[in-house]
Amino acid sequence: MKDGTKADYDLLAEQEKPYHVLTADRILAELRRQGEDTMSGYKITRMEHGLQSATRAYREEADIDWVVGALLHDIGDGLAPQNHDRFSAEVIRPFVREEVAWTVEHHGIFQMVYYANHYGWDENARDRFKDNIYFRSCADFCERWDQSSFDPDYPTEAVEFFEPMVREVFARKAYDPLHLREGEVVGLPALS
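The sequence shown runs -19 to 172 under the working numbering.
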């Protein structure tokens, strides 16, 4: 790579554009692939969990960043089960509000409040983030959309319902400050 010229790299940048355009297709394919595997011990698939989380977010009138974040918060689980939260956050980070990417990145440790005591772990491990501006958003995300989305009887929207939202988000210019909105707290929609 060190011997490449500006012309070489300009050519590569041009050649990579069609690949970038297909990012949403690859993400949707991975989501559908997760519908083939039931999570060990659970009554639903990983895809169904993401769809259920996104359906809850959508029905609470969350904005598109939250809905897509909820849909894809576990997209990394198949390849990186021990750090799926961080893996998933890196998939969405260039395209969504910083608050949503931070929430997805930290939801794993925040979820521990529900089960860590059963393993002898610290269920309050998330407290080390209590001074972070996104703490409440992540805690609410876990409570309202993640931990409750393992219900095989919940009426969930299909992948096709969310596909236009995924395409819209991943069609954004990567790392555009207009969408990243660093340091801004929107929070989850107020419950009625």
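Ideal Cβ positions, reconstructed from N, Cα and C, are used throughout, including at glycine.
Expected contact under 8 Å - CB spacing of residue i and residue j to nearest Å
i	j	result
TYR22	PHE130	6 Å
PHE67	HIS159	The Cβ separation is near 21 Å, so there is no contact.
ILE7	VAL146	6 Å
GLU40	PRO157	Not really, about 27 Å apart at Cβ, beyond 8 Å.
GLN178	TYR94	Outside the shown range of the chain (-19 to 172) lies residue 178, about which nothing can therefore be said.
VAL149	ILE44	6 Å
For residue i, the three-state DSSP class (helix, strand or coil)
i	result
THR25	strand
VAL80	helix
ASN97	helix
SER33	helix
ALA154	coil
TYR(-1)	helix
GLY58	coil
ALA(-7)	helix
ALA138	coil
ASP120	helix
LEU52	helix
ARG39	helix
PHE130	coil
LYS(-14)	helix
PRO144	helix
GLU10	helix
ARG73	coil
MET92	helix
Beta-carbon spacing of residue i, residue j below 8 Å
i	j	result
ARG26	GLY58	yes
ALA69	ALA60	no
PHE141	THR83	no
GLY49	ILE24	no
ALA37	TRP125	yes
TYR136	GLU28	Residue 136 is actually Thr in this sequence, not Tyr. It is a contact, given that the beta carbons lie within the stated cut-off.
GLY88	LEU52	no
Same chain only: Cβ atoms within 6 Å of residue i, ignoring 5 sequence neighbours per side
i	result
MET92	GLU103, ALA105
ASN97	GLU103
GLN32	SER129, TYR134, THR136
ALA4	VAL146, ARG147, PHE150
ALA34	VAL47, ALA50, LEU51, PHE142
GLY15	THR25, MET27
Same chain, Cβ closer than 8 Å to residue i, neighbours up to 5 away in sequence not counted
i	result
GLY163	GLU78, ILE113
ARG12	MET27, VAL139
Own chain partners of residue i with C-beta closer than 7 Å, once the 5 adjacent residues on each side are dropped
i	result
GLU85	ASP65, ARG66, ALA69
SER117	GLU79, THR83, VAL165, GLY167, LEU168
GLU143	LEU8
ARG152	PHE75, HIS159
THR(-15)	none
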